[in-house]
Amino acid sequence: MSSILQELETEIAGLKTAVTKSNVGTVREVGDGVAKIEGLSDVMLNEMIEFPGGLYGLALNLEETEVGTILLGEGDNVKEGDEVRTTGKLLQVPVGKGMLGRVVNALGEPLDGKGEIHAEDSYPVEKIAPGIITRKSVSVPVQTGIAAIDAMIPIGRGQRELIIGDRSTGKTTIAVDTIISQAQQNRAAAEGSLKDHKPLYCIYVAVGQKQSNIARTVSTLEKAGAMEYTTVIAASASDSATNQYLAPYSGCAMGEWFMDQGDDVLIVFDDLSKHAVAYRQVSLVLKRPSGREAYPGDVFYLHSRLLERSARLNEDNGGGSMTALPIIETQQGDVSAYIPTNVISITDGQIFLETDLFYQGIRPAISVGLSVSRVGSAAQTKAIKKVAGTLKLDLAQFREMQAFAQFGSDLDEKTKALIERGQRIVELFKQQQYSPLSLEVEVAILWAMQNGYFDEVPVDKVKETQKKLEEYLTTRKDVVLAKIRDEKALSDEINDELKSALDEFQSTHK
Amino acid sequence: MAKASKDAIRTARQMLQSCLVDGRLDEGRAKRWVQKISSAKPRGYLGILDTFLRMLRMEAAKHHAVVESAAELDAGVKETVTADLRAKYGSDLDAEFRVDSELLGGMRVRVGSDVWDGSVRGRLARLSDKF
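Chains A and B, in that order, give the protein sequences.
Counting in our numbering, the first sequence runs from 9 upward without gaps.
Counting in our numbering, the second sequence runs from 2 upward without gaps.
Structure follows, in structure tokens:
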């Protein structure tokens, strides 16, 4: 009790003598979530401005006679002539493990009705990305649980991999599957069944989406038990453009805290096309000069400064990492539009999803030819690297040959074999949504494919056989799977065991 | 209010610059500018005049102090406050004294964008912010 009294006394004593100097201004114009303010001679860029009634704004335009601020809330009560003052602070959001399992808005305030958030710290929303000295090259994989991605377009911890495609081609599904897969691995590691696994926390930033979609994603994550390791930042279509513009940066700040603690984190920006549109709206209302497609001149910097904050830090700096999965929605498959080309050039590769493939039933509808990961096999475990080998090339050759094969049936044996193999690989890579595979199952399935165990199976039975094989391996050969899981490589011993297991499977499941 | 174009803002800024003599506003020059623009009516003259007026108001505010107190101050205190403010902001500063009972006690001084708040209301607000 006495310590509280002492504390209060010091606080009050400090106030008794202090005459504070503040810098004030007067609201000249307000509307569309933007206020123009006269005065504020000492204001700094991106400084928080306090409005009457506890509302805050962010100073974005510093002009000769006025300051353009965006309002971080409902500006209905702001009137012309209101006195506002600078705070000397940058916009900050709460960060920490207390954010996990929560759904928050762009300012980090809870939206899920689960009560107050106990944040460990607060981080500035805008921060300069880690420099060259503090970084390390990407080498640890993010096991997405999607076989096609893990085998052909591997993503590493600290990488930025763009997910791009038309509307409803399964972009969000890939991101959600990845989050679910991380939760499964984190849980397995916590239970002790997954060795040497560093937990990967997840942040899902929803920008400009329908509230119903966000609610659906949250419930999917909850059902899969992934919310425990995930924070959802929601700036829906009904939120102001300001909040939609700030949400990805807030998410990034929350992710940076994990990275600074030496932890690994995955952040999904769903999606940056809508983020660019929100920023265009803010910029136009602020009367900034517009450029191509009415986007402001700094729309590239908008995304580059955001995605540059993803990094893998070296051991001297904690060894944490932040992996980014930005999502971009294209119109009619046009990847050469303004925002898609910008983000493609910023990221370290892209997963391109095609509408045609989606409707052919190839889901995830990944276009192997256009998808690439610039980090490549550096971010693959030895086991996956060995079984994935030439898969991408095989599939690319298959697609080419498939087009030729349509013109005639006289094909040489080699081409026929290539097409047969290609068709089976395509079937194998089809995967149900929200059911990511574990590393050991992926490796075993791909090993079976590479070693010709699917060659005799009719194409339309591949999926069924794969399911049976998975069941057989997980129930009866879990020792081999455990070895793959622990060693993460294919030793001769594992190869032999896999061979005998698959021979047995083949003889019993004919 | 007429919408000021970039040209109007530039013209108004040049007009203001020409009205400043040693950093102080020459009222005569400002009046002459307004008369000249009103009679010549150049393109976008309303915008020019509006912007010029706004700039003049902001310039004048830099040399005008508004001193608010909870109760009427006696002449001695007023003189001391004015002298102190002039020492800080220049000898051409003029002080306006107002009574605002909502301050509860103490004084609040505004010069341009700077506010020196020593009022009881301000202290209470800061105290509530702290907790």
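Don't be surprised by glycine CBs; every beta carbon is placed ideally from N, CA and C.
No experiment lies behind these values; they were computed from the predicted model shown.
Residue i (DSSP reduced to helix, strand or coil)
i	result
residue 334 of chain A	strand
residue 241 of chain A	strand
residue 42 of chain A	strand
residue 229 of chain A	helix
residue 374 of chain A	strand
residue 208 of chain A	strand
residue 34 of chain A	strand
residue 64 of chain B	coil
residue 69 of chain A	strand
residue 57 of chain A	strand
residue 415 of chain A	coil
residue 144 of chain A	coil
residue 74 of chain A	strand
residue 104 of chain A	coil
residue 339 of chain A	coil
residue 223 of chain A	helix
residue 389 of chain A	coil
residue 18 of chain B	helix
Chain-order list of residues whose beta-carbon lies under 8 Å from that of residue i (same chain, five-residue window excluded)
i	result
residue 369 of chain A	438
residue 55 of chain A	66, 67, 94, 95, 96, 97, 98
residue 26 of chain B	20, 57, 60, 61, 64
residue 51 of chain A	31, 33, 57, 67, 70, 75, 94
residue 319 of chain A	137, 138, 142, 143, 166, 267, 329, 330
residue 387 of chain A	146, 147, 148, 149, 150, 162, 163, 164, 165, 167, 381
Segment limits, alpha helix (DSSP H) that includes residue i
i	result
residue 158 of chain A	155-160
residue 97 of chain A	No alpha helix (DSSP H) holds residue 97 of chain A; the beta strand (DSSP E) holding it covers 91-98.
residue 303 of chain A	Careful: residue 303 of chain A lies outside any alpha helix (DSSP H) and carries neither H nor E.
residue 197 of chain A	179-199
residue 108 of chain B	Counting along the chain, residue 108 of chain B falls outside any alpha helix (DSSP H), though it belongs to the beta strand (DSSP E) covering 108-112.
residue 346 of chain A	346-354
residue 256 of chain A	249-268
residue 29 of chain B	28-41
residue 430 of chain A	421-437
Contacts around residue i, its chain only, beta-carbon distance under 6 Å, and the 5 residues preceding and following it disregarded
i	result
residue 30 of chain B	20
residue 87 of chain B	94
residue 219 of chain A	244
residue 119 of chain B	107, 108
residue 465 of chain A	473
residue 394 of chain A	498
residue 346 of chain A	300, 301
Neighbouring residues, chain A, relative to residue i (Cβ below 8 Å)
i	result
residue 56 of chain B	73
residue 24 of chain B	Result: empty, since nearest Cβ-Cβ is about 15 Å, beyond 8 Å.
residue 123 of chain B	28
Interface residues of chain A facing residue i [CB-CB closer than 9 Å]
i	result
residue 116 of chain B	28, 29, 30, 31, 32, 91, 93
residue 11 of chain B	Here the premise fails: no neighbours, minimum Cβ distance about 10 Å.
Cut-off 7 Å between Cβ atoms - residues of its own chain near residue i, not counting five sequence neighbours on either side
i	result
residue 92 of chain A	32, 33, 35, 45, 57, 58, 59
residue 228 of chain A	184, 442
residue 133 of chain B	Chain B is shown only over 2 to 132; residue 133 of chain B falls outside these bounds and no answer can be derived.
residue 38 of chain A	83, 86, 88
Range covered by the beta strand (DSSP E) that runs through residue i
i	result
residue 535 of chain A	Within the shown structure, residues of chain A are numbered from 9 to 518, placing residue 535 of chain A beyond reach of any answer.
residue 277 of chain A	272-278
residue 456 of chain A	Per DSSP, residue 456 of chain A belongs to no beta strand (DSSP E); it is in the alpha helix (DSSP H), 447-458.
residue 97 of chain B	95-100
residue 116 of chain B	115-118
residue 500 of chain A	Premise fails: residue 500 of chain A lies in the alpha helix (DSSP H), 500-516, not in any beta strand (DSSP E).
Chain B residues whose Cβ lies nearer than 9 Å to that of residue i
i	result
residue 50 of chain A	114, 115
residue 47 of chain A	59, 62, 113, 114
Chain A contact residues for residue i, given Cβ-Cβ distances below 7 Å
i	result
residue 99 of chain B	Those within 7 Å of residue 99 of chain B in chain A number zero; the least Cβ separation is about 14 Å.
residue 87 of chain B	Chain A residues near residue 87 of chain B: none, gap ~18 Å exceeds 7 Å.
Given 8 Å as the limit, is there contact between the region 154-170 of chain A and the region 431-451 of chain A, that is, 3 or more CB pairs closer than that? yes
Given 8 Å as the limit, is there contact between the region 293-311 of chain A and the region 126-136 of chain A, that is, 3 or more CB pairs closer than that? no
Is the region 333-345 of chain A touching the region 166-176 of chain A in the sense that three or more CB pairs, one from each, lie closer than 8 Å? yes
Under 8 Å: do the region 484-492 of chain A and the region 502-509 of chain A share three or more Cβ pairs, one atom per stretch? yes
Three CB pairs or more closer than 8 Å across the region 487-499 of chain A and the region 423-439 of chain A: no
Between the region 200-213 of chain A and the region 271-287 of chain A, are three or more C-beta pairs nearer than 8 Å? yes
At least 3 beta-carbon pairs within less than 8 Å: the region 355-367 of chain A vs the region 419-427 of chain A: no
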